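Heads up: the sequence shown is residues 442 to 648, going by our numbering.
I have placed the structure first, in the form of structure tokens, so that the comments after it can refer back to it.
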Amino acid sequence: MIELYISALITFFVVIDPPGCAPIYAGLTAGAPPAHVRAMAVRAVVVATIILLVFALFGEGLLHALGIGLDAFRIAGGIMLFVIAMDMVFERRTQRREDRAQKIMETPEVEDVSIFPMAMPMIAGPGSIASVMLLMSRTNGLSASLVVLAAMGTILLLTLAALLAAGPIMRILGAKIEAVITRLLGVLLAALAAQFVIDGLKASFAA
Numbered sequence: 442m443i444e445l446y447i448s449a450l451i452t453f454f455v456v457i458d459p460p461g462c463a464p465i466y467a468g469l470t471a472g473a474p475p476a477h478v479r480a481m482a483v484r485a486v487v488v489a490t491i492i493l494l495v496f497a498l499f500g501e502g503l504l505h506a507l508g509i510g511l512d513a514f515r516i517a518g519g520i521m522l523f524v525i526a527m528d529m530v531f532e533r534r535t536q537r538r539e540d541r542a543q544k545i546m547e548t549p550e551v552e553d554v555s556i557f558p559m560a561m562p563m564i565a566g567p568g569s570i571a572s573v574m575l576l577m578s579r580t581n582g583l584s585a586s587l588v589v590l591a592a593m594g595t596i597l598l599l600t601l602a603a604l605l606a607a608g609p610i611m612r613i614l615g616a617k618i619e620a621v622i623t624r625l626l627g628v629l630l631a632a633l634a635a636q637f638v639i640d641g642l643k644a645s646f647a648a
């Protein structure tokens, strides 16, 4: 169970990327009252948690309803995560996030950024949704499922802490250190994505 928790923890940390969300949130909420900034951070994480829980609990049923096998989803999800990993290594993911944030900031009428873009797609994006469904599909029994959900909850709490402390985090890390961390996490995510694909192929050939 400890290995499952650590594996899920690393996966969610890399995909959700709390340190990467912090500077984007800091830029989006620049000039906003502190109380409003805290409220939006809490709302963003709560909404993202609900979205991920829905896919964690009912995602497999949705796949069956669509006639999609779990092995096919493992392969597709692994490929998707690998693409995200490549974007992280070459910093394309960070650039897209910054471009999205800039567009939001250039629209004066948009004040509440908790739902879009923070809750979705930055926290509960395609990568995190695919990850929670993949991890839940690999569990056997209630206890293993609870371990995966506990790991997801841990990272979401860490994300909330990162959003609340976005300003100080940016001053401590700096752009260069953040870029190094992002690249290292991208390499790790690429290996995890490859494992998902291998597991899906093995199960498909075994069947």
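Yeah, the Cβ is synthetic: ideal placement off N, Cα and C, and Gly gets one too.
Nothing here was measured: the structure is a model prediction, and the numbers come from that model.
- If only complete runs of 4 or more residues are kept, the stretch 454 to 487 shows the alpha helix (DSSP H) at 459 to 469, in order along the chain.
- Per DSSP, reduced to three states, the secondary structure at residue 528 is helical.
- In the DSSP annotation of this structure, residue 580 is not part of any alpha helix (DSSP H), being labelled neither H nor E.
- Annotation: residue 643 to residue 522 spans about 18 Å, alpha carbon to alpha carbon.
- A Cβ-Cβ separation of about 4 Å places residue 604 in contact with residue 482 under the 8 Å criterion.
- In the same chain as residue 454, and ignoring 5 residues on each side of it, the C-beta atoms closer than 8 Å to its own belong to 596, 599, 626, in chain order.
- Pairing residue 446 with residue 634 gives a Cβ-Cβ distance that is not under 8 Å.
- One alpha carbon belongs to residue 554, the other to residue 647, and they sit about 46 Å apart.
- In the three-state reduction of the DSSP assignment, residue 573 falls in the helix class, which pools H, G and I.
- When the beta-carbon positions are compared, residue 525 and residue 630 come within less than 8 Å of each other.
- Burial is judged here by how many other beta carbons sit within 10 angstroms of a residue's own beta carbon; residue 465 has at least 16 and is buried.
- Looking at the backbone, the Cα of residue 510 and that of residue 578 are separated by about 11 Å.
- Collapsing the DSSP output to three states places residue 640 in a helix.
- With 16 or more other CB atoms across the displayed protein chains lying within 10 angstroms of its CB, residue 601 is buried.
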